[in-house]
Amino acid sequence: MKGTAVITGASTGIGRALAFEFVRRGYHVGLTARRLPALVELREELLAADKTGKLRIEITTLDVDDDASVGPIMATLFENLGAVDIVVVNAGINDFTSVGKGDFAREKQLLQTNLIGAIATVHAAVEYFRPRGAGHIVGISSLAALQGMPKQAAYCASKAGFSMYLDAARIELKHKNIRITKILPGFVKTSIMPHIGKYPFAVTAEQAATEMVTIIESGKALGFVPAFPWKWLRPLFGHLPDSIWKKFS
Ligand SMILES: NC(=O)c1ccc[n+]([C@@H]2O[C@H](COP(=O)([O-])OP(=O)(O)OC[C@H]3O[C@@H](n4cnc5c(N)ncnc54)[C@H](OP(=O)(O)O)[C@@H]3O)[C@@H](O)[C@H]2O)c1
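Once you know that position 189 of the sequence shown is 218 in our numbering, the rest is easy, because the numbers rise by one and skip nothing.
Here it is in structure tokens:
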């Protein structure tokens with residue numbers, strides 16, 4: 030086998046597709062999310078698809094909102110897996126919120142899950158990797174980290190915050206041989222938002238996962254998914270007229 034990858038938010042969407050892609054490429058996997066039945070079902074499907082007979086899968090419930098529990102739960106998962114090479118910080122939520130219209134609690138929730146929960150997960154991974162002198166952390170951020178969008182202020186802030194955290198951590202941890210990859214997806218057809226398939230250049234979770242694992246295996250610090258067209262449109266973010274982004278609300 031090639032190694033072991035741990036994925037948060039593996040019960041559905043991108044995380045679930047990543048689990049299939051890692052297994053297809055010969056990795057053992059550790060899978061976490063809040064919904065245990067979905068993880069149990071996923072484990073069965075992955076084991077049924079495995080042709081090597083060597084696949085190791087560990088699953089555990091993890092609510093990243095309970096940030097004090099993230100370290101101990103991840104440490105037990107890492108121990109049960111034996112050795113872990115890659116941790117994908119993927120768990121996240123989205124919500125349409127309005128500024129100054131009573132949505133503060135929902136905005137706070139977005140920041141709790143996408144920023145504080147994600148940072149807690151990075152801590153758990155680094156605590157494991159530091160004494161081993163090696164490891165790879167992958168943060169699933171978003172194009173929303175590059176561009177403010179109406180009704181997405183808190184989501185954009187959570188992803189911009191996580192992106193900056195990953196950038197700083199990457200420099201801090203380089204000499205410890207702990208690699209950080211930041212992935213910025215565009216639109217991926219999952220249940221994270223209604224009608225997401227109508228957004229431009231939307232791809233399936235399977236397509237996204239294939240591109241993501243290729244980026245991860247390349248060891249790059251940054252990847253856009255799908256690479257076309259977002260990699261090439263990147264310089265435009267933050268410079269296009271506001272009217273364009275109104276369409277996304
Ligand atoms: N889809 C897109 O277009 C898109 C674009 C850019 C970035 N992203 C990012 O990609 C990541 C995955 O999104 P997705 O599209 O695959 O969404 P999804 O289908 O809704 O999946 C989200 C996953 O996160 C888990 N999760 C949510 N809250 C959690 C919590 N408090 N603790 C632990 N796990 C939690 C969910 O599992 P449980 O409910 O079982 O806990 C689920 O497995 C997110 O970080 C998202 O922001 C997505």
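From the three backbone atoms N, C-alpha and C, an ideal C-beta is built for every residue, glycine too. Please read these numbers as outputs of a predicted model, since none were measured by experiment.
Where do the ends of the alpha helix (DSSP H) carrying residue i lie?
i: residue 184; result: 182–202
i: residue 128; result: It is not in any alpha helix (DSSP H) - residue 128 carries neither H nor E in the DSSP assignment.
i: residue 69; result: 65–78
i: residue 242; result: 234–247
i: residue 100; result: 96–110
i: residue 271; result: 271–275
Name the DSSP bridge partner or partners of residue i?
i: residue 213; result: 253
i: residue 150; result: BP columns for residue 150 are empty, so no partner.
i: residue 32; result: 56
i: residue 37; result: 61
i: residue 207; result: 164
i: residue 83; result: Residue 83 is not bridged to any residue.
i: residue 218; result: 233
Is residue i a contact residue of ligand 1, with contact defined as CB to any heavy atom under 7 Å?
i: residue 158; result: no
i: residue 135; result: no
i: residue 221; result: yes
i: residue 11; result: The question about residue 11 has no answer here: the residues shown for the chain are numbered 30 through 278.
i: residue 109; result: no
i: residue 81; result: no
i: residue 226; result: no
i: residue 262; result: no
i: residue 120; result: yes
i: residue 64; result: yes
i: residue 93; result: yes
i: residue 206; result: no
i: residue 38; result: yes
i: residue 146; result: yes
i: residue 153; result: no
i: residue 245; result: no
i: residue 149; result: no
i: residue 98; result: no
i: residue 192; result: no
i: residue 41; result: yes
i: residue 67; result: yes
Between which two residues does the beta strand (DSSP E) carrying residue i extend?
i: residue 118; result: 115–118
i: residue 88; result: 86–90
i: residue 166; result: 164–169
Identify, in the order they occur along the chain, each residue of the same chain with its Cβ nearer than 6 Å to the Cβ of residue i, setting aside the five sequence neighbours on each side.
i: residue 126; result: 132, 135, 136 and 183
i: residue 163; result: 206
i: residue 115; result: 34 and 165
i: residue 215; result: 172, 230 and 259
i: residue 72; result: 86 and 88
i: residue 113; result: 33, 35 and 107
i: residue 167; result: 117, 210 and 245
Beta-carbon within less than 7 Å of residue i's beta-carbon, same chain only, minus the 5 sequence neighbours each way: which residues are those?
i: residue 42; result: 219, 220, 221 and 234
i: residue 94; result: 141, 142 and 146
i: residue 173; result: 181, 184, 185 and 188
i: residue 65; result: 90
i: residue 192; result: 170, 174 and 211
i: residue 30; result: 55, 56, 57 and 83
i: residue 76; result: 84 and 86
i: residue 199; result: 209 and 250
Can you name, in chain order, every residue of its own chain whose Cβ lies under 8 Å from the Cβ of residue i, other than the five neighbours on each side?
i: residue 63; result: 40, 90, 91 and 92
i: residue 99; result: 91, 93, 146, 149, 150, 152 and 153
i: residue 239; result: 50
i: residue 156; result: 100 and 104
i: residue 237; result: 43, 46, 214, 217, 254 and 255
Hey, would you say the C-beta of residue i is under 7 Å away from at least one heavy atom of ligand 2?
i: residue 44; result: Absence of ligand 2 from the depicted structure is noted, with ligand 1 being the only ligands included.
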